[in-house]
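Worksheet: one structure, shown below.
Number of protein chains: 2
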Amino acid sequence: MEHQEALTSFTAAFIDELAEQGVRDVVISPGSRSTPLAILIHAHPRLKGWMNVDERSAGFFALGIAKQSQRPVALLCSSGTATANYYPAVIEAKYGRVPLVVLTADRPHELRGYGAPQTIDQIKLYGDHVKWFQEMPIPEYDETLWRYARNTAKRAVDTAAFLPQGPVHLNFPFREPLVPNIKQDHLWHYGKIAALDVQKEAVVSLTDGVYEQLANDWEKVSRPLIVVGPHRIPGLNKAVLALAKGLGAPILADPLSGLRYGLNGEENHVIDSYDALLKDVDIRKKLQADGIIRIGANPVSKPLTQYINGLNLSVYTIVDEAPEWRDPNHQATAMLHVSPVDFSEKFLRNVENQEDKKMGTEWLANWQKANDVAKDTLAHFMEETPWFEGHVVTTLNKFLQDDAYVFASNSMPIRDVDTFLLNQPLTLDVVANRGANGIDGVVSTAMGLSTGNKPTYLIIGDLAFFHDMNGLMVAKHYQLNVTIIVVNNNGGGIFSFLPQAQEAEEAFEVLFGTPLDYDIETVAQLYNAHYYKAHDVRSFEQALQQSQAQKGIKIIEAKTNRPENVQAHRKLWEAIRLRVQREINCDY
Amino acid sequence: MEHQEALTSFTAAFIDELAEQGVRDVVISPGSRSTPLAILIHAHPRLKGWMNVDERSAGFFALGIAKQSQRPVALLCSSGTATANYYPAVIEAKYGRVPLVVLTADRPHELRGYGAPQTIDQIKLYGDHVKWFQEMPIPEYDETLWRYARNTAKRAVDTAAFLPQGPVHLNFPFREPLVPNIKQDHLWHYGKIAALDVQKEAVVSLTDGVYEQLANDWEKVSRPLIVVGPHRIPGLNKAVLALAKGLGAPILADPLSGLRYGLNGEENHVIDSYDALLKDVDIRKKLQADGIIRIGANPVSKPLTQYINGLNLSVYTIVDEAPEWRDPNHQATAMLHVSPVDFSEKFLRNVENQEDKKMGTEWLANWQKANDVAKDTLAHFMEETPWFEGHVVTTLNKFLQDDAYVFASNSMPIRDVDTFLLNQPLTLDVVANRGANGIDGVVSTAMGLSTGNKPTYLIIGDLAFFHDMNGLMVAKHYQLNVTIIVVNNNGGGIFSFLPQAQEAEEAFEVLFGTPLDYDIETVAQLYNAHYYKAHDVRSFEQALQQSQAQKGIKIIEAKTNRPENVQAHRKLWEAIRLRVQREINCDY
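Here the protein sequences come in this chain order: A and B.
Position one of the first sequence corresponds to residue 12 (our numbering), numbered consecutively onward.
Position one of the second sequence corresponds to residue 12 (our numbering), numbered consecutively onward.
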């Protein structure tokens, strides 16, 4: 009985404080050693436990919930290799800056390192890929330990949520018996003292001196450019639009920047077709910036990175809320660790009087014109060209509701979203896992996103869909509503764009094509999903229409062809290149 | 061109040396950054590349091949979270002592830590869970680097294969372009010099003095016991049987020790029903040993561990080929790091003259009698009792071929195999993942085992089967022959045996039962598997019979019921307890 009181009081103090700190969702994978935590989570009035048998999927599902709720999400599993299955999601959370609180149960110390069953070394299991690791003590009935448990919950949530957001890991050893007593008196009051105010929001500001220096440096710039990569920072885009106006600068807006959607007239600065434009070396030369401000993560577009790499920049200011260095080109002239909103507002004030020194509207106008020509070419091309993977995005776009989530898988879908999902008044939330860009966990992350009860669309290739098929189980179990568009080209379509496709012909289909030849309709059946098949624009439109009348999991299989798809993309790029070359005559 | 020559020569030297050192199988997951290694593996005349899209499954598949082939198996994947998906299999390989050579491709140094796509920190990614980590250099066209590449391949294979066997990790940075030239002259000759003899087999021996001391200690022992846990050490069982004879000791033989199968008269020392016997505290008291020799990993049976824990042992000798301490009870009086075969032979010579001091045959005879009574009770019980999960094992046993593999999933199947798969003349190879005892990767490991072209049977619950369903893809693709018996009790059956089932009733079905309600037949359809359904002994026999006439993947769904299953197990243990209590009157 003493053991159970110790177990219950210590664990309840921790769990209650998680809830106090704003955690609402905990993704739980079944196990025995984690029983004390699982039962108390289940019993807590303000926590929702989501069961997910597959810990790899559970990790990404939690990541998706965190992206949707903008709150730290907790994860719980048992001891042993279960914990290692979280590793991919933990790494994505670190580089993608998503707050996760990973709770792993463990055997007590006397069983570790001595060959006991289901016992592995869980100390610092995720290495440097978590922001904080804490080994918890064996529970005791003790006021100081209760306060310690509460402070550790506070600190875990705070550390996960502080910038840069990311994962933390707490390891809990438990001795048997493992069942807590949820009828214990004052269950949620152990260790509760006056609330500790945890400062969750901090603005890192720069001194006025830094801004004056920056403004000085920017005096030299006549062809300014703002690049906004993937980010989900509230209020940033409004500030960036103002800054662009002040600087007379085009904004190259990543599809994951949020800057392309919900536009109502401010779009004249937002350039969305740069990926196609900058594929061509000659066009790059026509539109050379001499100063760049980059905000957010590295953009999806490889041509954009290559374009920047080739520029002779007098100023390249990278703004990052975290003390990290996201500059793979090693070109930055200023690496600013500051709130990007604060930066945009203050920098604007310092350069507002510089506008007369710029090239005026000509520089911006040329970008706009090139962008317009590219978009016009694309629009015509899509009408004239038979069904290929680009149509998946352009067609879907016509069916999207305001405020919908579009989750783009890595590999081809995010690139097609970059190319084909362009500026528009609809307020879309386009999301992807761009921390480490894996094709793992994509289904589960999208399912997590769909818990937000907004229309949710996932675009995914057949390989990534297969990789995380298990992620559908949680959607089936909790009757989530989500539309999954499986672009089925039977294999690794992205590799056909690489030199490997030509140069390693004999080995190519074996090593890179990797056709899986599996039947998507059977997968739909396995998870009680509605299934629709599309093989051209018309059937895809019908499928979208029909699916919107249904609830639950809706899987639309969009059949495509790898070689045709490469060809269509290349034709499109060539068409854009030719027309822009012809119609845009600037030369900076 | 210079770049390609450097890339090709360095990478080819490494790959060729892997083959020289005896590696035959490489499990490859598709990716771009790993192109140099993948293409050269594919081109090498003595290496077989197995494609597996899901890296988690690939890791366990490699583990299964290594268990089957008794050779180190290599793994290859691209950069990013792909690498993290190997973590569960790497951990299982470490604790299960299976030799794996993990090759991960990486971005070059200038892209690391600077926000480049698909770039994570892969240095020491698996922490202490690998035996060796090496960061490789950027390839160069250089004689010393070629020799270094060859030596690193040698050392990787050697380190993985040396006792205790386990995983090693090499991380390869590559710059673009990534395609090697497999038509380069003398492709497999870079850096080849006179062969370095790598000493792969070493016998760790103890001095005569240690044996004399041990023999002295064992003079006091009158009730000796030998416990043989999971192991796959060649030649060990013969030596142990001789030792048991010399000591007059019963051998408690784990189902994964190999000692229960292929018996032809030597079985009189081998006790196989101890798990059921030792569940009862009173029977434990009747059969108290005062000296134990334990060889192999910790046994599957929890009652056995508890029994040992309660003994007053004058000598407890643990023999381990590796300098590890597999003694979770902290009771050992001698922890010997020595070849168990060498130990068994030499120790026997030192104690042969002691036999007259033992209790003679009475001690052994009492164990044998208890064992016989337990087995007889079990045999009657199985006949009288309606279908429950125990019948899966006893029925399957009648259909097994000589030399077959039986892979038992963790959780219930391995425990049922312990209870129901008893001594017999058939030479079975019973295998499980008992390094960390996870329910992850079970299907993939069994698929790896089945590449050995012996009849392969997997017994697995519906949760573990779901967890690693992706593992079936490789079986479909390579047309492997395997029989999968899915014991479908729609959830986590093992938890019904735990106190959680009673004490946490309200939360139990949600947190532990976790029914997935999925249709096994649809899974079979998805992977082009033959499907059979069984709901009693008769239909299960028919399914086994029919399946044996087919090739490919054969899935037999054995429908069971969780509460009935717990009840049947408890009734069996009670029946054994009652009869043994009545018929065995010894009291040591």
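Using N, Cα and C, we set each Cβ at its ideal position, and we do this for glycine too.
{"Check": "Partners in chain A for B:Tyr542, counting only beta-carbon separations shorter than 9 Å", "Outcome": "Simply none; closest approach about 12 Å."}
{"Check": "Chain-ordered chain A contacts of B:Trp61 [CB-CB under 8 Å]", "Outcome": "Within chain A, no residue comes near B:Trp61; the closest Cβ sits about 11 Å away, beyond 8 Å."}
{"Check": "Environment of B:Glu13 [buried if 16+ CB atoms lie within 10 Å]", "Outcome": "exposed"}
{"Check": "Any C-beta of chain A under 9 Å from that of B:Leu111", "Outcome": "no"}
{"Check": "Delimiting residues of the alpha helix (DSSP H) encompassing A:Asn572", "Outcome": "Run containing A:Asn572: none; DSSP gives neither H nor E here."}
{"Check": "Partner residues on chain B for A:Trp336, Cβ-Cβ distance less than 8 Å", "Outcome": "Gly124, Tyr125 and Gly126"}
{"Check": "Chain B within 9 Å of A:Leu527, Cβ atoms only", "Outcome": "yes"}
{"Check": "Same chain only: Cβ atoms within 6 Å of A:Ile304, ignoring 5 sequence neighbours per side", "Outcome": "Ile237 and Thr328"}
{"Check": "Buried or exposed (CB count within 10 angstroms, at least 16 for buried), B:Lys565", "Outcome": "buried"}
{"Check": "Proximity winner among B:Val442, B:Phe418 and B:Leu411, relative to B:Leu555 (alpha-carbon distances)", "Outcome": "B:Leu411"}
{"Check": "Contiguous alpha helix (DSSP H) assignments of at least 4 residues, all confined to the segment 110-193 of chain A", "Outcome": "154-172"}
{"Check": "Inter-residue spacing [alpha-carbon to alpha-carbon] between A:Asp414 and B:Val64", "Outcome": "34 Å"}
{"Check": "Cross-chain neighbours of B:Phe477 in chain A, by beta carbon under 9 Å", "Outcome": "Val64, Asp65, Asn481 and Met484"}
{"Check": "Any C-beta of chain A under 9 Å from that of B:Tyr222", "Outcome": "no"}
{"Check": "Distance CB(B:Val101)-CB(A:Ala95) smaller than 9 Å", "Outcome": "yes"}
{"Check": "Continuous beta strand (DSSP E) stretch holding A:Ala85: start and end", "Outcome": "Val84 to Cys88"}
{"Check": "Per DSSP, cross-strand counterpart(s) of B:Arg305", "Outcome": "B:Val238 and B:Ile329"}
{"Check": "Whether A:Asn434 touches A:Val281 by CB criterion (9 Å)", "Outcome": "yes"}
{"Check": "Interface flag, A:Val101 vs chain B, CB-CB below 9 Å", "Outcome": "yes"}
{"Check": "CA-to-CA distance, A:Ala250 to A:Ser355, given in whole angstroms", "Outcome": "6 Å"}
{"Check": "Length at least 3, wholly inside the segment 41-111 of chain A: the beta strand (DSSP E) runs in chain order", "Outcome": "59-62 and 84-88"}
{"Check": "Given 8 Å, three or more beta-carbon pairs between the segment 145-157 of chain A and the segment 117-131 of chain B", "Outcome": "no"}
{"Check": "Classification of B:Ser216 by the beta-carbon crowding that lies within 10 angstroms, buried from 16 upward", "Outcome": "exposed"}
{"Check": "The segment 21-39 of chain A: positions lying closer than 8 Å to chain B by Cβ", "Outcome": "Ile39"}
{"Check": "Contacts of B:Asp139 in chain A (Cβ-Cβ under 7 Å)", "Outcome": "Asp132"}
{"Check": "Among B:Leu189, B:Gln195, B:Val577 and B:Ser325, nearest to B:Val513 - alpha-carbon criterion", "Outcome": "Here residue 513 of chain B is Gln; the residue named in the question, Val, does not match the sequence. Nearest C-alpha to B:Gln513: B:Val577."}
{"Check": "Residues sharing a beta bridge with B:Lys380, DSSP", "Outcome": "Paired residue(s): none; B:Lys380 is not in a bridge."}
{"Check": "Proximity test, Cβ basis, 9 Å: A:Tyr106 and chain B", "Outcome": "yes"}
{"Check": "The segment 491-500 of chain B contacting the segment 467-480 of chain B, beta-carbon criterion three pairs below 8 Å", "Outcome": "yes"}
{"Check": "Check whether A:Leu189 and A:Leu432 have beta carbons under 9 Å apart", "Outcome": "no"}
{"Check": "Beta strand (DSSP E) segment containing A:Met346, residue limits", "Outcome": "Ala345 to His348"}
{"Check": "Three-state class that DSSP yields for B:Asp440 in the structure shown", "Outcome": "strand"}
{"Check": "Members of the segment 507-523 of chain A near chain B, C-beta cut-off 8 Å", "Outcome": "Leu509, Pro510, Gln511, Glu514, Ala515, Ala518, Val521, Leu522 and Phe523"}
{"Check": "Element boundaries [alpha helix (DSSP H), containing A:Leu555]", "Outcome": "Val548 to Gln559"}
{"Check": "Extent of the continuous beta strand (DSSP E) to which B:Phe418 belongs", "Outcome": "Tyr416 to Ala419"}
{"Check": "Range of the contiguous beta strand (DSSP E) that encloses A:His495", "Outcome": "One detail in the question is off: residue 495 of chain A reads as Ile in this sequence, not His. From DSSP, the beta strand (DSSP E) with A:Ile495 extends over Val493 to Asn499."}
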